[in-house]
Amino acid sequence: MAKGEKMKILKKILVGFVLLFSSLTLMNSICDGDDEPGDPDAGLYHTYDEVQSELDSLAAAHESIADFTSIGKSLQGRDLWAIKISDNVQSDEDEKVGVLLGAHHAREWISVEVPLKIACYLLDNYDAQAQIKNLIDQTEIWIVPMVNPDGHHYSVTSDRLWRKNRRNNGDGSYGVDLNRNYSYQWGGPGSSGDTFSETYRGPEPFSEPETRACRDFLTNIEPSALISYHSYSQLVLFPWGYTNSPAPDKTLMESLAKTMADKIKAVHGVTYTPDQASGLYLASGDTNDWLYALLRVPSYTIELRPRSSYPGFVLPESEIQPTFEENLPAALFLLEWMISLDTSSQ
Ligand code: 0X9
Ligand code: CA
Ligand code: ZN
Numbered sequence: 000m001a002k003g004e005k006m007k008i009l010k011k012i013l014v015g016f017v018l019l020f021s022s023l024t025l026m027n028s029i030c031d032g033d034d035e036p037g038d039p040d041a042g043l044y045h046t047y048d049e050v051q052s053e054l055d056s057l058a059a060a061h062e063s064i065a066d067f068t069s070i071g072k073s074l075q076g077r078d079l080w081a082i083k084i085s086d087n088v089q090s091d092e093d094e095k096v097g098v099l100l101g102a103h104h105a106r107e108w109i110s111v112e113v114p115l116k117i118a119c120y121l122l123d124n125y126d127a128q129a130q131i132k133n134l135i136d137q138t139e140i141w142i143v144p145m146v147n148p149d150g151h152h153y154s155v156t157s158d159r160l161w162r163k164n165r166r167n168n169g170d171g172s173y174g175v176d177l178n179r180n181y182s183y184q185w186g187g188p189g190s191s192g193d194t195f196s197e198t199y200r201g202p203e204p205f206s207e208p209e210t211r212a213c214r215d216f217l218t219n220i221e222p223s224a225l226i227s228y229h230s231y232s233q234l235v236l237f238p239w240g241y242t243n244s245p246a247p248d249k250t251l252m253e254s255l256a257k258t259m260a261d262k263i264k265a266v267h268g269v270t271y272t273p274d275q276a277s278g279l280y281l282a283s284g285d286t287n288d289w290l291y292a293l294l295r296v297p298s299y300t301i302e303l304r305p306r307s308s309y310p311g312f313v314l315p316e317s318e319i320q321p322t323f324e325e326n327l328p329a330a331l332f333l334l335e336w337m338i339s340l341d342t343s344s345q
């Protein structure tokens with residue numbers, strides 16, 4: 000055989016191996032952080048592109064019970080990807096709706112992983128677990144793991160501790176705090192009118208495309224329960240956040256929060272503290288106050304691991320899986336609680 004021929008065969012074998020390994024990597028990418036050469040890298044944490052491709056493949060692999068869709072676009076034009084999980088997923092059925100949101104705040108990377116892994120878990124266990132099948136059959140679950148993709152991308156590529164979105168405020172400052180930009184009690188305590196502030200509320204309520212997308216989406220689907228994941232501090236927070244006064248449904252929301260905290264603790268012994276959101280600090284214009292004011296439904300912020308400022312937002316990769324594991328039963332409990340509403344109200 001000529002030397003040139005040998006080289007060609009060797010080259011083919013090499014290409015074969017590369018293709019084999021890249022397809023193995025692709026298969027691995029479902030429900031697991033993946034790296035593709037040249038892409039921004041967040042290790043085992045998911046980048047924006049990785050969230051997109053995972054939700055897409057996840058829905059494709061479970062097409063009768065999952066739908067991959069966008070609820071709108073960010074300021075820089077990124078889609079706010081969502082996955083809807085339900086039986087008869089293509090139709091809007093008369094079923095209670097539950098919502099899990101992640102990453103209003105860019106640097107809170109773990110808040111992407113928990114709702115994303117919950118989506119994977121639900122879909123992967125539909126056939127195997129009667130409890131999960133029942134939940135998916137009787138409810139409609141919407142998961143939006145990355146509400147602030149522009150900020151998240153910036154956190155991955157430029158400034159790990161970036162919090163806000165990437166609005167150019169026109170004065171040399173960037174970013175609006177999306178969790179101060181909702182309309183209910185907008186401009187109140189715990190929000191700032193200073194564009195340079197980490198809690199800058201924006202020039203007006205819903206000035207940002209990301210919060211407008213959430214507003215329109217949530218108004219349309221009318222959830223019966225919601226969890227917005229944040230980090231850090233290990234808290235289960237319920238409205239009000241803008242005032243220390245108790246919300247009308249404080250008793251219910253507190254009791255559900257206590258049960259969620261108990262369920263979390265039962266998994267790895269980690270303590271999350273249930274509290275009215277104002278107990279952390281007063282903050283106005285957040286997701287939960289707005290949703291609760293609109294629909295009077297249980298609406299939580301879960302502040303994930305860690306407990307304190309070391310390691311703060313930079314949670315080691317080794318804690319992704321346990322943080323998901325402990326939060327899974329709490330989310331399942333809240334979603335299943337919605338089913339009980341049907342029997343008691345009919
Ligand atoms: O400040 C926030 O937006 C949340 N904490 S974080 O460290 N993830 O930024 C807490 C929001 C809780 N809501 C109120 N206290 N109103
Ligand atoms: Ca359904
Ligand atoms: Zn946050």
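Counting from 0, one number per residue, gives the positions in the sequence shown under numbering that gives the first Met the number 0.
Ideal Cβ positions, reconstructed from N, Cα and C, are used throughout, including at glycine.
Using a Cβ-Cβ cutoff of less than 6 Å, which residues in the same chain neighbour residue i once the five nearest sequence positions on both sides are dropped?
i: E316; result: G42, L43
i: Q306; result: Checking the sequence, you will find Arg at residue 306 rather than Gln. Closer than 6 Å at Cβ, skipping near neighbours: Q233.
i: K257; result: P273
i: H61; result: L122
i: P144; result: V50, G101, V111, P114, L115
i: W185; result: P204, G284
i: I301; result: I226, Y228, V235
i: T198; result: D176, R179, S190, S191
Residue i bridges to which residues according to DSSP?
i: S69; result: W80
i: G311; result: According to DSSP, G311 bridges with nothing at all.
i: I64; result: The partner list for I64 (beta bridge, DSSP) is empty, contrary to what the question assumes.
i: P273; result: V235
i: L99; result: I142, I226
i: I301; result: Y228, V235
i: Y44; result: Bridge partners of Y44: none, in fact.
i: Y173; result: N167
i: Y199; result: S191
So which of the options has the shortest CA-CA distance to residue i?
i: Y153; options: T258, P310, Q75, M259; result: Q75
i: L160; options: W80, Y231, G192; result: Y231
i: T210; options: A59, I70, T250, S277; result: I70
i: S223; options: L57, W336, L234; result: W336
i: Q320; options: T198, G192, H45; result: H45
i: S190; options: K163, G284, Y120; result: G284
i: T138; options: K257, E92, L251; result: E92
i: R166; options: G201, G192, S182; result: G201
i: F332; options: I117, L79, H104; result: I117
i: D215; options: D40, W289, P114, A129; result: W289
i: R296; options: M259, L251, E324, A260; result: The residue you asked about is not Arg; residue 296 is Val in the sequence shown. Selected option, being the one with the closest Cα: L251.
i: L327; options: D38, Y120, N164; result: Y120
i: S244; options: G278, A329, L217; result: G278
i: G187; options: T194, R179, D193; result: R179
i: S157; options: E53, L314, D40; result: D40
i: F67; options: S73, Y199, A81; result: A81
i: K72; options: Q130, E94, N164; result: N164
i: G171; options: Y183, R162, F195; result: F195
i: A105; options: Y291, R162, P36, I140; result: R162
i: S90; options: S182, I140, K249, P36; result: I140
i: T242; options: C213, P208, D193, A292; result: A292
i: A330; options: I131, A127, Y309, P36; result: I131
i: D341; options: S52, E94, C213; result: E94
Report all residues from its chain with a CB closer than 7 Å to the CB of residue i; omit the five preceding and five following residues, and keep chain order.
i: S339; result: none
i: E107; result: H229, S230, F312
i: D48; result: D38
i: E325; result: I263, V266, H267, V269
i: R77; result: Y47, P148, D149
i: S182; result: P204, F205, W289
i: F20; result: At F20, the pLDDT of 45 sits below 50, so the modelled position is not reliable and the matter cannot be decided from this model.
i: D193; result: Y199
Taking 8 Å as the limit between beta carbons, can you name the residues of its chain near residue i, skipping five residues before and five after?
i: I64; result: I84, S85, D86, V88, L122, Y125, I135
i: E221; result: V96, L294
i: N219; result: none
i: A59; result: F67
i: E318; result: I109, R304, P305
i: A260; result: V235, T270, Y271, T272, P273, A329
Report back the beta-carbon spacing between residue i and residue j to the nearest angstrom; my notes put them in contact at under 8 Å.
i: H229; j: S110; result: 5 Å
i: L334; j: G97; result: 4 Å
i: I142; j: L177; result: No, I142 and L177 are not in contact; Cβ-Cβ is about 17 Å, not under 8 Å.
i: A276; j: P238; result: 6 Å
i: G150; j: G169; result: No, G150 and G169 are not in contact; Cβ-Cβ is about 18 Å, not under 8 Å.
i: L281; j: G240; result: 7 Å
i: T270; j: K264; result: 6 Å
i: T286; j: H103; result: 7 Å
i: Y299; j: L217; result: Not confirmed; about 14 Å, so no contact.
i: V146; j: L79; result: 6 Å
So is the beta-carbon of residue i under 7 Å away from any non-hydrogen atom of ligand 4?
i: Y181; result: Ligands in the displayed structure: ligand 1, ligand 2 and ligand 3; ligand 4 is not one of them.
Name all residues in chain order for which at least one heavy atom of ligand 2 lies closer than 6 Å to the residue's CB. Residues flagged by the Cβ proximity filter: S85, D86, N87, E92, E94, E139.
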